[in-house]
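Here the structure is laid out as structure tokens; the discussion comes afterwards.
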Amino acid sequence: MNRFVLNETSYHGAGAIQAIPQEVLGRGFRKAFVASDPDLIRFGVTQKVLDLLTEASIPYVVYSDIKANPTIENVQHGVDEFKASDADCIIAIGGGSSMDTAKAIGIVVANPEFADIRSLEGVAPTKNKCIPILAVPTTAGTAAEVTINYVITDAEKNRKMVCVDVHDIPVVAVVDPDMMSSMPKGLTAATGMDALTHAIEGYITQGAWEMSDMFHLKAIEIIAKNLRGAVANSKEGREGMALGQYIAGMGFSNVGLGIVHSMAHPLGALYDTPHGVANAIILPTVMEYNAPATGEKYRAIAAAMGVVGTESMSQEEYRRAAVDAVRKLSADVGIPADLKQIVKPEDIPFLAQSAYDDACRPGNPRETSVEEIAALYRNLL
Numbered sequence: 008m009n010r011f012v013l014n015e016t017s018y019h020g021a022g023a024i025q026a027i028p029q030e031v032l033g034r035g036f037r038k039a040f041v042a043s044d045p046d047l048i049r050f051g052v053t054q055k056v057l058d059l060l061t062e063a064s065i066p067y068v069v070y071s072d073i074k075a076n077p078t079i080e081n082v083q084h085g086v087d088e089f090k091a092s093d094a095d096c097i098i099a100i101g102g103g104s105s106m107d108t109a110k111a112i113g114i115v116v117a118n119p120e121f122a123d124i125r126s127l128e129g130v131a132p133t134k135n136k137c138i139p140i141l142a143v144p145t146t147a148g149t150a151a152e153v154t155i156n157y158v159i160t161d162a163e164k165n166r167k168m169v170c171v172d173v174h175d176i177p178v179v180a181v182v183d184p185d186m187m188s189s190m191p192k193g194l195t196a197a198t199g200m201d202a203l204t205h206a207i208e209g210y211i212t213q214g215a216w217e218m219s220d221m222f223h224l225k226a227i228e229i230i231a232k233n234l235r236g237a238v239a240n241s242k243e244g245r246e247g248m249a250l251g252q253y254i255a256g257m258g259f260s261n262v263g264l265g266i267v268h269s270m271a272h273p274l275g276a277l278y279d280t281p282h283g284v285a286n287a288i289i290l291p292t293v294m295e296y297n298a299p300a301t302g303e304k305y306r307a308i309a310a311a312m313g314v315v316g317t318e319s320m321s322q323e324e325y326r327r328a329a330v331d332a333v334r335k336l337s338a339d340v341g342i343p344a345d346l347k348q349i350v351k352p353e354d355i356p357f358l359a360q361s362a363y364d365d366a367c368r369p370g371n372p373r374e375t376s377v378e379e380i381a382a383l384y385r386n387l388l
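The numbering used here applies: residue 8 is where the sequence shown begins, and numbers increase by one.
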């Protein structure tokens, strides 16, 4: 049996944020708790939505104690602030950090027996749907607006907790490329490669099946065609990436990921490495490692990446072509080629054990070990 969980409603395209007031009012909500990170507030991105709420006479309060890699403390503070706000819905505006924080807040408020944030790690047996969330992504990458996952950093233990819960998915996703137009090139590249990682890992994960394959291959195709343009801030590139990353999220949220993500998570926890950058650096190396366990899937990946002539290639050739196409795209958008400037060799045993223990690891198509993961980290130095 396979299960698929998606948003109740999603809006796509330029100007989609105009639908937010009608969704808030139409669902009978009285007051919004707007979760958005300080930079988006500072640069006026969040204000675009706040202006719409004001025009519709919808009361709101803003919560901005959100870090790039949100922590247990950010969530605990947010829970207290939500309880004091008299709000009955959350509008999450931002990248994965804002939406992950909002999900955790919404779950804890609705399921107070999980007030210990660490108890949410893995697949927590919550009983109630979280406080209703309207998610407005400002980056084209995490797809947190359509997933049942969120990640919170346990700063005390230097590790990221991957939480998977069908009760946390936003009821409404508003995917407006205009909200992403202010992203700097580096962030566009990193989040875009995160989306590509979602699509590729989701396509080859152990839980993949026909429906998820359909989403992932289309996402790979759209991302490969549009990421370079998005980094150059073209209108077509931004619109394409907004759609591609959402489609990737529709798939991987329901079938899982692999060790690219489980290796990237400890880098964010220990070094505060941007998640998309970590994924992008690790992805080609792990693709090479996983190739023997992927059947003919790399032929389809290479074709979706735009490689010509894959139908006549040998297995070795199309697997190499798929990896090379990913590596070329990553280089073209300015992602570093290795982890030399990030990882300290003496930290590899800790990183490898953390990656092995990560909730994404069991989905990897190839069985692995702490020692093999450590070797992959070393190969990237």
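Just so it is clear, CB atoms sit at the ideal spot from N, CA and C, and this is done for glycine as well. Only a predicted model underlies this, so the values are computations on that prediction, with no experimental measurement involved.
Query	Result
Rounded separation between Phe357 and Thr160 - CA only	16 Å
Proximity of Ile176 and Thr145 at Cβ, strictly below 8 Å	no
8 Å Cβ cutoff, Asn386 in contact with chain C	Included in the structure is just one protein chain, with no chain C present.
Helix, strand or coil at Met168 according to DSSP, with G and I counted as helix	strand
Cut-off 7 Å between Cβ atoms - residues of its own chain near Phe121, not counting five sequence neighbours on either side	Ile114, Val115, Leu127, Ala131 and Thr133
8 Å Cβ cutoff met for Asp201 and Thr149	yes
Nonlocal neighbours in the same chain, by C-beta distance under 8 Å from Arg125, ignoring five residues either side	Ile79, Asp161 and Met168
Residue interval of the beta strand (DSSP E) (run including Ser389)	Outside the shown range of the chain, which is 8 to 388, sits residue 389, and nothing can be said about it.
Three-state class that DSSP yields for Ser126 in the structure shown	helix
Which listed residue (Ser337, Lys335 and Leu264) has its alpha carbon closest to that of Arg368	Leu264
Among Ala338, Thr16 and Gln54, the one whose alpha carbon lies nearest that of Val41	Gln54
As assigned by DSSP and simplified to three states, the class of Asp161	strand
Strand pairing of Ala309, partner residues [DSSP]	Bridge partners of Ala309: none, in fact.
Residue(s) in a DSSP beta bridge with Val69	Val41
C-alpha gap between Asp365 and Asn156, whole angstroms	13 Å
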